[in-house]
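These notes are about the structure you will find just below.
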Amino acid sequence: MSIASLIDPVTAAGGPANLSRADAWMQGRTLYGGASALVAYTAAVRAFPDLPPLRAAQVAFVAPVGGEIELKREIVRQGRNVAQVRSEIWCEGACALTAFWLFGTAREPNAVHPAAEPNDWPGAPEDAEPVMTDKGPAFIRNFDLRRAQDERGPGAPVVRRWARLTEQGVLNHISELILMGDVLPPGAMRAMQRQGPVSSINWSFNVLDAAPVTRDGWWLSENASQHADHGYSSERLRLWNADGRQMLEGMQAAAIFG
1315 MSIASLIDPV TAAGGPANLS RADAWMQGRT LYGGASALVA YTAAVRAFPD
1365 LPPLRAAQVA FVAPVGGEIE LKREIVRQGR NVAQVRSEIW CEGACALTAF
1415 WLFGTAREPN AVHPAAEPND WPGAPEDAEP VMTDKGPAFI RNFDLRRAQD
1465 ERGPGAPVVR RWARLTEQGV LNHISELILM GDVLPPGAMR AMQRQGPVSS
1515 INWSFNVLDA APVTRDGWWL SENASQHADH GYSSERLRLW NADGRQMLEG
1565 MQAAAIFG
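Position 256 of the sequence shown, counted from 1, bears residue number 1570 in this note's numbering, the numbering being contiguous throughout.
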């Protein structure tokens, strides 16, 4: 289902909104994390359309997000170069998601250091094997996922896939990165001793290119567990474009149940 249909009810005025098309973007009993983050981001940029480019964000997934929501957003501080904006999604009178967005104008660089290319480049997405076809939670059906690593089943706690929206040309690429950045399960999934549910708790990320581009909508997504114990995993989340240039660098805490 078109992502535009999901975010159309998000207006500059904020307040109550009915995400009538939320069913196609659900993950269990809540809106998929990337989609709920996109709703909060859209609320911010539609309310304050003159913001500079997005540079970073911190998103807390507090409680399940459903179709009936209330949107709150405010500029916390706006300086000469940087604006910091908070947006929240409320459900049933309680905060379900809170996000802090950092927007910044470009300055003459005093340091230039490109991000490293990914290890073990998987080759072109067009040649990769499709995965998760007609499987998984409802939101997965909005994505074309393809294998980008040889490992299968238990092993090193890294999950890497090529991913793109099945519907192209709907979102600008910053919105697309936000929607896509949380598309994979935690890397700790590969280290689990037994099957069980997993859940994202938060997500912090830096945008490495304010005008990201890629080929034919393809992004290489990777979730890697840096440490897992006591029912939680610290995850590193990264996105590269189809030419191997990193566009997003993030971290996430994930709950590992079971």
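Don't be surprised by glycine CBs; every beta carbon is placed ideally from N, CA and C.
Of the residues the options, the one placed nearest residue i, counting alpha carbons only
i            : options                : result
residue 1258 : 1387, 1391, 1406, 1356 : The first residue shown for the chain is 1315 and the last is 1572, placing residue 1258 beyond what the model contains.
residue 1390 : 1460, 1402, 1515       : 1402
residue 1559 : 1535, 1505, 1328       : 1535
residue 1573 : 1521, 1385, 1570       : Residue 1573 lies beyond the residue range present for the chain, which begins at 1315 and ends at 1572; the question has no answer from this structure.
residue 1422 : 1363, 1395, 1351       : 1395
residue 1525 : 1319, 1537, 1487       : 1487
residue 1506 : 1354, 1468, 1340, 1548 : 1468
residue 1494 : 1466, 1504, 1463, 1458 : 1458
residue 1548 : 1514, 1320, 1412, 1528 : 1514
residue 1523 : 1365, 1429, 1334, 1354 : 1429
residue 1450 : 1498, 1542, 1546       : 1498
residue 1476 : 1510, 1503, 1435       : 1435
Host alpha helix (DSSP H) of residue i (start-end)
i            : result
residue 1506 : Here residue 1506 belongs to no alpha helix (DSSP H), and DSSP marks it neither H nor E.
residue 1354 : 1347-1361
residue 1370 : No alpha helix (DSSP H) holds residue 1370; the beta strand (DSSP E) holding it covers 1368-1375.
residue 1465 : Note, residue 1465: premise wrong, no alpha helix (DSSP H); not H, not E.
residue 1491 : 1487-1494
Collapsed DSSP secondary structure at residue i in the structure displayed
i            : result
residue 1518 : strand
residue 1543 : strand
residue 1433 : coil
residue 1456 : helix
residue 1320 : helix
residue 1556 : coil
residue 1533 : strand
residue 1538 : strand
Run of the beta strand (DSSP E) containing residue i, from where it starts to where it stops
i            : result
residue 1563 : 1560-1570
residue 1479 : 1472-1479
residue 1573 : The structure shown does not extend to residue 1573, since the chain is modelled only from 1315 to 1572, so the question has no answer here.
8 Å contact criterion, which residue i and residue j should meet: CB distance rounded
i            : j            : result
residue 1444 : residue 1455 : 13 Å between Cβ atoms; not a contact.
residue 1565 : residue 1554 : Actually they do not touch by this definition, with Cβ atoms about 17 Å apart.
residue 1336 : residue 1320 : 7 Å
Task: Length at least 3, wholly inside the stretch 1384-1452: the beta strand (DSSP E) runs in chain order - done: Those beta strand (DSSP E) runs which fall completely within the stretch 1384-1452 and span 3+ residues are 1396-1405, 1408-1418.
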